[in-house]
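Each remark here refers to the structure printed beneath this line.
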Amino acid sequence: SSGINAEYGHVNKEGFVSAVVPSLHYAEIEAKGKLCPRFVYAVPKDNGGFDMVYSEIHQHRISFTSLEAFKALQANAPPLLEIFHYVDFQQTKDIVLMRGAFKAPFTSAEAVFLVNQLQMYYRIDPERFKLVHTFNHNPMFFDFNELIKNLDSPDLKKPASQSGGETE
Numbered sequence: 021s022s023g024i025n026a027e028y029g030h031v032n033k034e035g036f037v038s039a040v041v042p043s044l045h046y047a048e049i050e051a052k053g054k055l056c057p058r059f060v061y062a063v064p065k066d067n068g069g070f071d072m073v074y075s076e077i078h079q080h081r082i083s084f085t086s087l088e089a090f091k092a093l094q095a096n097a098p099p100l101l102e103i104f105h106y107v108d109f110q111q112t113k114d115i116v117l118m119r120g121a122f123k124a125p126f127t128s129a130e131a132v133f134l135v136n137q138l139q140m141y142y143r144i145d146p147e148r149f150k151l152v153h154t155f156n157h158n159p160m161f162f163d164f165n166e167l168i169k170n171l172d173s174p175d176l177k178k179p180a181s182q183s184g185g186e187t188e
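If you read the sequence shown in this note's numbering, its first letter stands for residue 21, the second for the next number, and so on.
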């Protein structure tokens, strides 16, 4: 075979996202997730505003819920997106399988957007990981404006601008 396509956030069908993740990429996210398990993301909406989403990493599971629901219900807040990492092939094939399930009102484009943001903040961009670290260890210094400013970055495709055959 010609190798494994490690494109993050492949949409299988409505309700699920999946990816084949290189072991080293997952190991970095797992290690940083132990150090800094919580973070918030801004998800742009078509109306020009955005929704704030809270995430928490628990071993091989990452849950995302609305920040409002988390503030009100804490651990009982219903997840909008839950990502599971299956590490069965981590040693033998050098890959980790990722599968995420999301619920309405979340769309597949928003789920992919969050998976991509997770990659940016926890693995790809050390500057963005500093924000994650601040959120976890010095929350009084966390600047939501930095988060919003990062949404204008060309390396993040907005969910509204993603085209595809999905139905909502």
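Using N, Cα and C, we set each Cβ at its ideal position, and we do this for glycine too.
- Less than 8 Å separates the beta-carbon of His80 from that of Val107.
- Rounded to whole angstroms, the gap between the alpha carbons of Val132 and Asn170 is 17 Å.
- Rounded to the nearest whole angstrom, the CA to CA distance from Gly69 to Ile168 is 10 Å.
- With 16 or more neighbouring CB atoms inside 10 Å of its own CB, His105 falls in the buried class.
- Taking 8 Å as the upper bound for CB-CB distance, Met118 and Ser43 are not in contact here, some 12 Å apart.
- Taking every protein chain shown into account, the CB of Glu130 has 16 or more other CB atoms within 10 angstroms, so this residue is buried.
- In this structure, DSSP gives His80 a state outside helix and strand, which the three-state scheme calls coil.
- Per the C-alpha coordinates, the member of Lys65, Ser86, Phe122 positioned closest to Ser75 is Ser86.
- Annotated three-state conformation of Pro99 is coil, per DSSP.
- Phe109: not part of any beta strand (DSSP E); DSSP gives it neither H nor E.
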